[in-house]
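Here's the structure, in structure tokens; my notes come after.
2 protein chains.
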Amino acid sequence: MLTELGKRTRLAARGLARLSTTQKNTALHHLADALVADQKAILTANASDVESAKAAGLAPAMIDRLMLNEARLADIAHNVRLVADLPDPVGEIFEESIQPNGLHIRKQRVPLGVLGVIYEARPNVTIDVASIAIKSGNGAILRGGSETLNTNRAMIAVLQKALASSDVSADVIQFIDSPDRALVLELLHLRDYVDMIIPRGGAGLHEFCRENSLIPVITGGIGICHLFVDDTADQDAALKIIHNAKTQRPSVCNALDTILVHQQVAKEFLPRVVEHLTPAGVTFRAEPKAAALLQHETVFPAGEKDFDTEWLSLVLGIKVVSGLDEAIDHIAAHSTAHSDGILTRTDAHAQRFIAEVDSAAVYVNASTRFTDGTELGLGAEVAVSTQRLHARGPMALRELTTYKWVIVGDNHVRA
Amino acid sequence: MLTELGKRTRLAARGLARLSTTQKNTALHHLADALVADQKAILTANASDVESAKAAGLAPAMIDRLMLNEARLADIAHNVRLVADLPDPVGEIFEESIQPNGLHIRKQRVPLGVLGVIYEARPNVTIDVASIAIKSGNGAILRGGSETLNTNRAMIAVLQKALASSDVSADVIQFIDSPDRALVLELLHLRDYVDMIIPRGGAGLHEFCRENSLIPVITGGIGICHLFVDDTADQDAALKIIHNAKTQRPSVCNALDTILVHQQVAKEFLPRVVEHLTPAGVTFRAEPKAAALLQHETVFPAGEKDFDTEWLSLVLGIKVVSGLDEAIDHIAAHSTAHSDGILTRTDAHAQRFIAEVDSAAVYVNASTRFTDGTELGLGAEVAVSTQRLHARGPMALRELTTYKWVIVGDNHVRA
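Protein chains in written order, with my numbering: chain A, 95 to 509; chain B, 95 to 509.
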């Protein structure tokens, strides 16, 4: 069933790959305008999704994610304009050289082709991904959560109408307009027409894609994140950083999950952590050595799997370690290689931590919350990769491109 | 059965990732020395493989590939020294920046981890891959063809002895010492311990890996390669380039498969092609328009699938096209996106060809035979990727690395 849709997207993406930056930006501004002009249709569709979600008893947090209003829609439209303002990676030339035989060689950035994006109940993803795909010259086949089917349908209608008055073919962004779960599997097998699968959701979705896809999958977005508090850490600063990393937005992948505290300072520092974070609603899971230093109603003994849990909530694991080596070993054993940091004033320890902790983002004296495309200067974000191939950490426009080798000779033959 | 082997390789690779360039190079020179010093053991083992291959009735070309002698072994050892001389990509810093908030950001190259390499009856691959893996800081689990089991076993023994007297753990390079085919499938599922699968062999092996692997696979090495002869091409030069691309080494993936000739020059040029290449043993498969221009005993009508065949032999497809557009369309429909070129003196056509043909290597006025790590300045080659993710075209040391983001703050928290 998806073959026809795949063919159409592939064909449209080939055309998109040749458009100028101005043509793509104009289409994006049309889209931003249309999202505001046609907000009524989108908000009406969204209201019906929200009503169904309430009737189905979805958790309030889920319903909040699902819900759009004028302000949120204006934000989404604003983000489309920000993507239009970003530099276009397509056509960029790099690693240019002339070989000893006179052959001119360069690499030139080209779009990846067609993205397959599978996501859950966040309607903003539909437009975020569409705008990033268009700017990077890629087609996209979107498969959103069934809870947002009406909202997505309305948004896609607005998007396709907006593209129809631009040089970008409306076929570039396709939407799988059915809640049938078998279509997810079909998308994962559509390898003649899709070049990369991006799952955006929980660990289960990522695992399903990895197990079943015949197309390369960008896995990521799962962060069991650590901060190691060294004996020389500035403790006041460490409290602020831990507070920020744990509480500023606990439901996201770069939020802190575990602190590892040097035994020399644990007795002094740990009670301060509990005192400082408890008012924000944080509860703690402490391994025995840490628990022995803490008597507080918010501190619980850590269970067997607690150090392998991505909390996504106001829970913080605490462990006392003998020093840098044990901290590095703990991280190697329990991290998902997303974002891990050291808080220290010992430069040699910072250097060893950077060298030996092999995570997508390694921090020295900063909150883990900066692992984000916008914070790291990419201007946008389509995923955070925790796999090792292609791109690692935040992915935006350039990470949705590949390159071709361009070789220009003067009638060269190989000897 | 491979789990233990995987764990050992992963652990050893972690150690290797921290070694200095000098430590890795010293190990490589030990290996090169040992290959020469212990050549007797290797050549004796190889002689027994060759004998079995003859008894089994393998084709002479296969037996030639399988066969080692003193000179070939010396070449293999020499290549190990060349890899030692290449720049080390590990630790390279790039895209360094300071964000407006003062956060220092850089990307730093790190090894991919552990490679799984599945190859056929070429014993040189064992040492080539081992040396490239060591230099790029990666572990490797090798699975060679069963025809070379004795040779590989002897080479690996020499390699592990050589590493034992170096700082590189002998566990870094593991060899699956069994012809059991079920172990290939097990390797493709060993995702906790292997980061990238590199198949080196025919289309069947690549397809098997793509279908069955839970680990990212670098597919490639299959080249249906085209040259388009434009109406303004320098015909004398074009003959030399076509001769080189077709006959210099017809059994490899960057050899020419099809020429597309502009109708304006076909009548004059095609008979010259046949005349020039027939003495080299080339036979031709011509579509009707081309066949109508050619009467020669080496010219046969093209069959239905001939333009979708990678010849790997002295066969050349010929098609007359109406011009650049038809040439680009034919390539889009039949190329494996490996290496395709244009021969022209019309700069606008060269530019359109570069922009619109989306192959790993796009050529202007040169033989397709240059798609090779050494020819393109990488100094070595572990595979030629025709997929779009991670790396495209020749892959060598840098293509076996990934990067980490290193973020150094002054107690930064996210606002």
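The beta-carbon is built from N, C-alpha and C at its ideal position, and this holds for glycine as well. Quantities reported herein were computed from a predicted structural model and do not represent experimental measurements.
Taking just the CA atoms, how far does residue j sit from residue i?
{"i": "residue 160 (chain A)", "j": "residue 215 (chain A)", "result": "6 angstroms"}
{"i": "residue 413 (chain B)", "j": "residue 404 (chain B)", "result": "16 angstroms"}
{"i": "residue 242 (chain B)", "j": "residue 275 (chain B)", "result": "14 angstroms"}
{"i": "residue 407 (chain B)", "j": "residue 345 (chain B)", "result": "6 angstroms"}
{"i": "residue 415 (chain B)", "j": "residue 383 (chain B)", "result": "9 angstroms"}
{"i": "residue 368 (chain A)", "j": "residue 378 (chain A)", "result": "8 angstroms"}
{"i": "residue 435 (chain B)", "j": "residue 496 (chain A)", "result": "19 angstroms"}
{"i": "residue 445 (chain B)", "j": "residue 418 (chain B)", "result": "11 angstroms"}
{"i": "residue 199 (chain A)", "j": "residue 355 (chain B)", "result": "25 angstroms"}
{"i": "residue 133 (chain B)", "j": "residue 494 (chain B)", "result": "29 angstroms"}
{"i": "residue 164 (chain A)", "j": "residue 205 (chain A)", "result": "33 angstroms"}
{"i": "residue 352 (chain A)", "j": "residue 450 (chain A)", "result": "18 angstroms"}
{"i": "residue 272 (chain A)", "j": "residue 110 (chain A)", "result": "26 angstroms"}
{"i": "residue 98 (chain A)", "j": "residue 105 (chain A)", "result": "11 angstroms"}
{"i": "residue 166 (chain B)", "j": "residue 363 (chain B)", "result": "41 angstroms"}
{"i": "residue 251 (chain A)", "j": "residue 461 (chain A)", "result": "40 angstroms"}
{"i": "residue 277 (chain A)", "j": "residue 284 (chain B)", "result": "28 angstroms"}
{"i": "residue 196 (chain A)", "j": "residue 291 (chain A)", "result": "40 angstroms"}
{"i": "residue 342 (chain B)", "j": "residue 491 (chain B)", "result": "27 angstroms"}
{"i": "residue 265 (chain A)", "j": "residue 254 (chain A)", "result": "8 angstroms"}
{"i": "residue 117 (chain A)", "j": "residue 421 (chain B)", "result": "27 angstroms"}
{"i": "residue 312 (chain A)", "j": "residue 293 (chain A)", "result": "7 angstroms"}
Compare the beta carbon distance of residue i and residue j with 8 angstroms and say whether it is the shorter of the two.
{"i": "residue 122 (chain B)", "j": "residue 177 (chain B)", "result": "yes"}
{"i": "residue 348 (chain A)", "j": "residue 466 (chain A)", "result": "yes"}
{"i": "residue 468 (chain B)", "j": "residue 474 (chain B)", "result": "yes"}
{"i": "residue 309 (chain B)", "j": "residue 210 (chain B)", "result": "yes"}
{"i": "residue 428 (chain B)", "j": "residue 484 (chain A)", "result": "no"}
{"i": "residue 233 (chain B)", "j": "residue 103 (chain B)", "result": "yes"}
{"i": "residue 307 (chain A)", "j": "residue 471 (chain B)", "result": "no"}
{"i": "residue 333 (chain A)", "j": "residue 340 (chain A)", "result": "no"}
{"i": "residue 438 (chain A)", "j": "residue 324 (chain A)", "result": "yes"}
{"i": "residue 335 (chain A)", "j": "residue 505 (chain B)", "result": "yes"}
{"i": "residue 229 (chain B)", "j": "residue 180 (chain B)", "result": "yes"}
{"i": "residue 281 (chain A)", "j": "residue 237 (chain A)", "result": "yes"}
{"i": "residue 222 (chain A)", "j": "residue 318 (chain A)", "result": "no"}
{"i": "residue 100 (chain A)", "j": "residue 288 (chain A)", "result": "yes"}
Ends of the alpha helix (DSSP H) at residue i?
{"i": "residue 329 (chain A)", "result": "329 to 341"}
{"i": "residue 252 (chain B)", "result": "243 to 258"}
{"i": "residue 140 (chain A)", "result": "133 to 149"}
{"i": "residue 320 (chain A)", "result": "Unbroken run through residue 320 (chain A) is the beta strand (DSSP E), 319 to 323; no alpha helix (DSSP H)."}
{"i": "residue 445 (chain A)", "result": "441 to 450"}
{"i": "residue 363 (chain A)", "result": "357 to 371"}
{"i": "residue 410 (chain B)", "result": "Note, residue 410 (chain B): premise wrong, no alpha helix (DSSP H); beta strand (DSSP E) at 409 to 415."}
{"i": "residue 159 (chain B)", "result": "154 to 160"}
{"i": "residue 226 (chain A)", "result": "217 to 229"}
Can you tell me which of the three DSSP states residue i falls into?
{"i": "residue 348 (chain B)", "result": "coil"}
{"i": "residue 488 (chain B)", "result": "strand"}
{"i": "residue 459 (chain B)", "result": "strand"}
{"i": "residue 434 (chain A)", "result": "strand"}
{"i": "residue 290 (chain B)", "result": "strand"}
{"i": "residue 183 (chain B)", "result": "coil"}
{"i": "residue 277 (chain B)", "result": "helix"}
{"i": "residue 100 (chain A)", "result": "helix"}
{"i": "residue 307 (chain B)", "result": "coil"}
{"i": "residue 261 (chain A)", "result": "coil"}
{"i": "residue 498 (chain B)", "result": "strand"}
{"i": "residue 120 (chain A)", "result": "helix"}
Can you name the start and end residues of the beta strand (DSSP E) that residue i belongs to?
{"i": "residue 394 (chain B)", "result": "393 to 395"}
{"i": "residue 234 (chain B)", "result": "233 to 237"}
{"i": "residue 479 (chain B)", "result": "477 to 479"}
{"i": "residue 198 (chain B)", "result": "198 to 205"}
{"i": "residue 212 (chain B)", "result": "208 to 213"}
Using a Cβ-Cβ distance cut-off of 8 angstroms, determine whether residue i contacts chain C.
{"i": "residue 193 (chain B)", "result": "The chain labelled as chain C is not found among the protein chains of the depicted structure, namely A and B."}
Legend entry - Cβ contact (3+ pairs, closer than 8 angstroms) linking the stretch 488 to 505 of chain B and the stretch 450 to 459 of chain A: yes
Inset, instruction - For the stretch 162 to 178 of chain B and the stretch 123 to 130 of chain B, state whether three or more C-beta atom pairs, one from each stretch, are separated by less than 8 angstroms. - result: yes
Inset, instruction - Kindly confirm or deny that the stretch 133 to 146 of chain B and the stretch 237 to 251 of chain B touch, where touching means at least three C-beta pairs closer than 8 angstroms. - result: yes
Inset, instruction - Indicate whether the contact test is met: 3 or more Cβ pairs, each with one atom in the stretch 370 to 377 of chain A and one in the stretch 389 to 396 of chain A, closer than 8 angstroms. - result: yes
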